[in-house]
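For reference, the structure discussed in these notes is given below.
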Amino acid sequence: QRVNSRKKGELANMTALAEQTVVAQELFKKIGGTDNEGVVAEVLDLVKSAGLKALTQSGGMETLKSNLENRKNASACATSLACLQSLCEEAPRLVEGAVLSLLPSIFECFYDRAEAVRNGATTLSELVMRMVPPSAVQCILPSVFEALLHTEWQVKEGGLKCLKWLADAQRDAVGACLVDIVPQASECLSSTKKQVAKAARLAMAQACKVIANPDIIGLVPDVIKTIGDISKTEATMDKLLATTFVTQIDQPTLAIMVPILSRSLADRRQLMKRKGALVIDNMCKLVAEPMDMAPFGPILEPKLTRNADEIASEEIREFTSKALVTLRTAMGDAANYVAPAPAMTFEQMTDVLTETVGAEIAEASLPIVEHCARMCHFKVLVPERLGGGRLESEVVTMAVQPYLEALLGAEAGATAAQVYHEKCSEIIAAAAKDEGYVLTEDDLCHITFSLAYGGKVLLQNSLLHLKKGRRYGLIGANGVGKTTLMRAINNNQLEEFPNDVLRTIFVEHDIQSDDNEDITVMQYILSEPVIKAENTQEEVDAALTKMGFDEERKHQTVMSLSGGWKMKLALSRAMLYNANIMMLDEPTNHMDTGKVQELVDYLNSLTNVTCMIVSHDTKFLDNVCTDIVHYETRKLVTYPGNLSHFVSVKPEAKSYFELKSSQGLVWDFPDPGFLEGVKTTTKAIAKCTGITFAYPGTTKNILVDVTIQACLASRVACIGPNGAGKSTLVKCLVGDHEPQVGEVWKHPHLRMAYVAQHAFHHVESHLEKSPVDYIQWRYSGGVDKESAAKSTLQFTPEEEKRRTVRDPELAKVGIRQIEDVVGRRSRHNEFEYECKFVGVESEGNEFVTITDLENMIDSGWHGEELNKMMKAMDEKLAQQNSIVAQRKLTTGGIQTHLDRFGLEAEFGTYGKIAGLSGGQKVKVVMGSSMWNCPHLLVLDEPTNYLDRESLGAMAAAIKIYKGGILLITHNSEFSQTVCPETWYCPGDGSLQITGAEWMNAAEKARAAAAKKAELLKGFNADQEDKLDAFGNVIKEDKKVEKKKLSGKEKRKLKKKKRNGGGSDDEAGW
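Residue numbers for the sequence shown follow the numbering used here, beginning at 21 and rising by one.
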């Protein structure tokens, strides 16, 4: 009975379907008749009630297609277009697939003789282009490209209009296809039909709106015109050459630029080939993703190769060869990349969707099924390294669910879409399944990942393989992302990294405890909950003792520790954290040689802890590393062995052992200029005499009776163990500390640059500024704001009171108090300072000699505040009355200055300080400190964070610098290279100076050379032969200069002549 009932139901359905089919067939026959508006309404009602099968199973699609292609029946064609328009307006998702399959026929209507047909085709095409989702863009483009190749110009124009509408509605999706669009549309830009050329320009302009590169965006209209007009190529290339490229170049930008670059390389003129090569070289340096460059390599590489081999000019061949190397570097391994076969074919995706909705429904709604499967397949076709290769739920939500809801209803459609996603994901996962690497017991991780920072791709699909107990040295140039990688691992920002099972700790090169400056060493260690929970007080105490902390130092504040002791504290904390992976960033910074060796011994003793180490100390890396992880074209490549073994495998990496720039990096320190009264380079320009210093609140003297001096010829390395007082000594000289005993003197016109041990503190408050903005802020108003903010120039409350509040006792005896020093002049070989007095207007200012001002201090009328006012005025005038005042704080001028320190515009002008690497920040600090063209450069641990290239460039710049250099460093290789003089702080308060005699010898040699040059100049002037036009020597009679006689001598000679003695010749002698 149930079987019979089911058969009766099926029979009823078949009968109803047959009746609907007959009704639909009769309806479609009416198209083109007398009541076309009524037919349009009836077709819409039929599709709404019967579904898409009213079109697919009644011959409706075939009828509509036939009418659209019939150029002899304008009424039937126009009515068919009206039917499709009505369906798109009322049931867009239901009929979208069907309408897209009819696009080629719709485009044919663009050249119909009937205006109604042309207008109908235009209206329908615009509606379709604007209604489709982003996922359908790639489904439409083949039909649009076919229209652009049509023989009828009206169809080409219509296709270009469709491209413009599509780009307007789906900008990003069209922009992603720009690499395919530009070659197709370019042909139309040069069309002889003005309508086609205009439509092509508008379409290209709209499609190129996806380009957001600020370097190129203003040139896009010119580039589009140039693609269509070959005569504009040279002018556009000149504009490109005048463009400074600093922003990352992506694929849409390349897509619009490559056509004219390719044309330039193929130009017969060598100058145009040179221009093309220069632009390619500049642009390719900023291509972050090799896959962005890959489609254009086959276009540009053969032409560059041919030009590099065949061009007659050696200079142009060199430019071309350089551009070729840059191009190949930008392409990287993407040049040989072969995309694997997709995990699912279009047919497989169609079959799965058919199975999901049911064969009967799928057959009746085949256009929907195929349309959804095609949109999903385009996503799977995208290579995995470009974010494709799988079917995300977001894609199904956009490309499948709305269509199934229109077909099956909201609830059933959403469920079917979810089932479809699950089935496809299972098939894709099964196809992609690869046994790959099998983890062993000593493996910690074996992952493939990508890493980007600030829009710049640092690593792309790179492998990271770490084993237990190994020590990996991360090697690469400044800015490649070494520290960023370790931070990402520690902060759980790498999804692939197993942070859930591995405990990691990041040991930074500096400790900041700004939240509580009074926190002690022991409190800092115990502030970490893991350490407090897993270690006893005795274990914490033992770990600190092992790193050299005695009882007194354990209870010091963290902020009072030197840089070396802060690093030891960070290492002690890492030891107690019991991490699986310890990541160390520049661990030897601020450490003396003995402490570095202790660190080497400690790391080598770790058998169950894996270390990742970033350091520019090559000797240290050579002593601790078991493996080297090298950055190579956005990939991590691991080499077993230490740094020496790595160099033997890759000889080109020998620069890691050489203190010189192997890649042509050049630093150029500014000329300090003239210093009044200093006629020899060995004359003292700053000195400390008999100084003794102890930090406030302590009884131990860090310096005891120390005397030093610096001059323009100084090349001094201050060395010694951690905590021996090296930084304290230079701070006393610079003026950051005031010694309790002794005198510090500086030339009143001296300009000094000081880069502190913790170099980043200079820019900590300006991380959101660019380096250029920071320098503009620092020196605006003609004063170095950092120098003016020194603690030794700030007034204490008592000092502030003495300079602002009138003392009645002094008033009684008629003594005026000085409120401020506002000027200075030199008179009678002595400085006089213009003083403003408390309670007196500016008109009452007077100049007071420095002797009188010193007497005021000695008499107790004024305290140290008067000295501070005079020092502040001296420093201000030292900058204002010099070449510094002539320097313009313009973006271009500052960037040119930063270029001299190896900081490119990408980072100097357009980057934020917060996004710079440690080495780049050091360059910012050094560049900003030397903007004032200092006579004396003081560097506290300058080698920290800098790679070997930069160290080599710095060493070369120091050797030719015309000012004095005083540096503190634990890098003996660097100090021995540039500093013949040594100041050694043993740690007992004394100072031992060696090598100072070289300056006297150098000055004597300089003076002798100058004297010899002066003598030779006069000698050569007398001996120089004069030649005629043929090169013959002209012999001249030398005239004897007659001596000028006094009146007495003249009378005596005249008398002698009268007596017959002497001759005329004697008159000259």
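The beta carbon of each residue, even a glycine, is placed where N, CA and C say it ideally should be.
Residues bridged to residue i (per DSSP)
{"i": "Leu619", "result": "Leu619 is not bridged to any residue."}
{"i": "Tyr799", "result": "For Tyr799, which the question treats as bridged, DSSP gives no partner whatsoever."}
{"i": "Ser846", "result": "Phe851"}
{"i": "Arg491", "result": "Cys631"}
{"i": "Asp647", "result": "Tyr492, Pro660"}
{"i": "Leu427", "result": "Partner(s): none; Leu427 has no beta bridge."}
{"i": "Asp804", "result": "The partner list for Asp804 (beta bridge, DSSP) is empty, contrary to what the question assumes."}
{"i": "Thr468", "result": "Leu483"}
{"i": "Asp840", "result": "Lys856"}
{"i": "Val736", "result": "Leu986, Glu1001"}
{"i": "Glu866", "result": "Cys855"}
{"i": "Asp463", "result": "Lys487"}
{"i": "Tyr774", "result": "Val958"}
{"i": "Thr540", "result": "Thr577"}
{"i": "Thr524", "result": "Ile601"}
For residue i, the first and last residue of its enclosing alpha helix (DSSP H)
{"i": "Trp687", "result": "Unbroken run through Trp687: none, as it is neither H nor E."}
{"i": "Pro162", "result": "157-168"}
{"i": "Ser284", "result": "271-286"}
{"i": "Ala562", "result": "557-566"}
{"i": "Thr370", "result": "366-377"}
{"i": "Arg1111", "result": "The question about residue 1111 has no answer here: the residues shown for the chain are numbered 21 through 1089."}
8 Å Cβ shell around residue i - same chain, five flanking residues per side excluded
{"i": "Thr417", "result": "Ala437"}
{"i": "Lys670", "result": "His650, Tyr659"}
{"i": "Leu909", "result": "Ile795, Gln796, Tyr799, Ser800"}
{"i": "Ala350", "result": "Cys304, Lys305, Val307, Pro310, Met313"}
Cβ shell of residue i (< 6 Å), same chain only, five flanking positions each side left out
{"i": "Ala167", "result": "Phe127, Val175, Gly179"}
{"i": "Arg907", "result": "none"}
{"i": "Val63", "result": "Cys103"}
{"i": "Leu604", "result": "Val527, Ile633"}
{"i": "Asp1042", "result": "A caution first: Asp1042 carries a pLDDT of 47, below 50, which makes its placement in the model unreliable, though a value can still be read off. Excluding positions up to five away in sequence, the list is empty."}
{"i": "Tyr423", "result": "Arg113, Ile388, Cys392"}
{"i": "Asp538", "result": "Thr577"}
Same chain, Cβ closer than 7 Å to residue i, five either side skipped, listed in chain order
{"i": "Ala472", "result": "Leu478"}
{"i": "Lys252", "result": "Lys245, Thr246"}
{"i": "Leu484", "result": "Cys465, Ile467, Phe469, Leu656"}
{"i": "Lys624", "result": "For the record, residue 624 in the displayed sequence is Asn; it is not Lys. Once the five neighbours on either side are set aside, the close Cβ partners of Asn624 are Val644."}
{"i": "Asp1091", "result": "Because the chain spans 21 through 1089 in this model, residue 1091 falls outside it and cannot be assessed."}
{"i": "Thr374", "result": "Ala382, Val389"}
{"i": "Leu281", "result": "Gly296, Val299, Ile300, Leu320"}
{"i": "Gln940", "result": "Asn498, Gly499, Leu923, Phe927"}
{"i": "Glu89", "result": "Ser125, Glu128"}
Residue i, enclosing beta strand (DSSP E) - first and last residue
{"i": "Ile319", "result": "Looking at the DSSP string, Ile319 is not in any beta strand (DSSP E); the run it does join, the alpha helix (DSSP H), is 317-330."}
{"i": "Glu572", "result": "Here Glu572 belongs to no beta strand (DSSP E); instead the alpha helix (DSSP H) covers 571-574."}
{"i": "Gly765", "result": "A quick correction: the sequence has Trp, not Gly, at residue 765. Trp765 -> beta strand (DSSP E) spans 761-766."}
{"i": "Gly710", "result": "704-713"}
{"i": "Leu723", "result": "723-731"}
Near the ligand HEM: residue i beta-carbon under 7 Å from a heavy atom
{"i": "Val345", "result": "As presented, the structure is devoid of all ligands, the ligand HEM included, so that no description of it is given."}
Are there three or more Cβ pairs, one per stretch, closer than 8 Å when the stretch 153-173 is compared with the stretch 115-133?
yes
Just checking, does the stretch 916-926 make contact with the stretch 839-858 on the three C-beta pairs under 8 Å criterion?
no
contact_flag[the stretch 811-823, the stretch 947-960] where n(CB pairs < 8 Å) is 3 or more:
no
Would you be able to state if there are at least three C-beta pairs under 8 Å between the stretch 378-391 and the stretch 324-343?
no
Sequence ranges, beta strand (DSSP E) only - wholly within the stretch 987-1023, length at least 3:
1001-1004, 1012-1014
Is the number of C-beta pairs between the stretch 745-764 and the stretch 793-801 that are closer than 8 Å three or more?
no
At a cut of 8 Å, does the stretch 703-723 reach the stretch 961-981 through at least three beta carbon pairs?
no
The stretch 723-733 contacting the stretch 992-1012, beta-carbon criterion three pairs below 8 Å
yes
Does the stretch 219-236 come close enough to the stretch 261-268 to have 3 or more Cβ pairs within less than 8 Å?
yes
Identify every run of the alpha helix (DSSP H) within the stretch 579-609, keeping only runs that are complete inside it and at least 4 residues long; order them along the chain.
583-597
Report yes or no: do three or more beta-carbon pairs, one from the stretch 147-162 and one from the stretch 189-208, lie closer than 8 Å?
yes
Whole beta strand (DSSP E) elements within the stretch 55-87, 3-residue minimum:
none
Counting pairs of Cβ atoms below 8 Å between the stretch 759-766 and the stretch 700-714, do you hit three or more?
yes
Taking only runs of the beta strand (DSSP E) that begin and end inside the stretch 114-200, which ones reach a length of at least 3 residues, in chain order?
none
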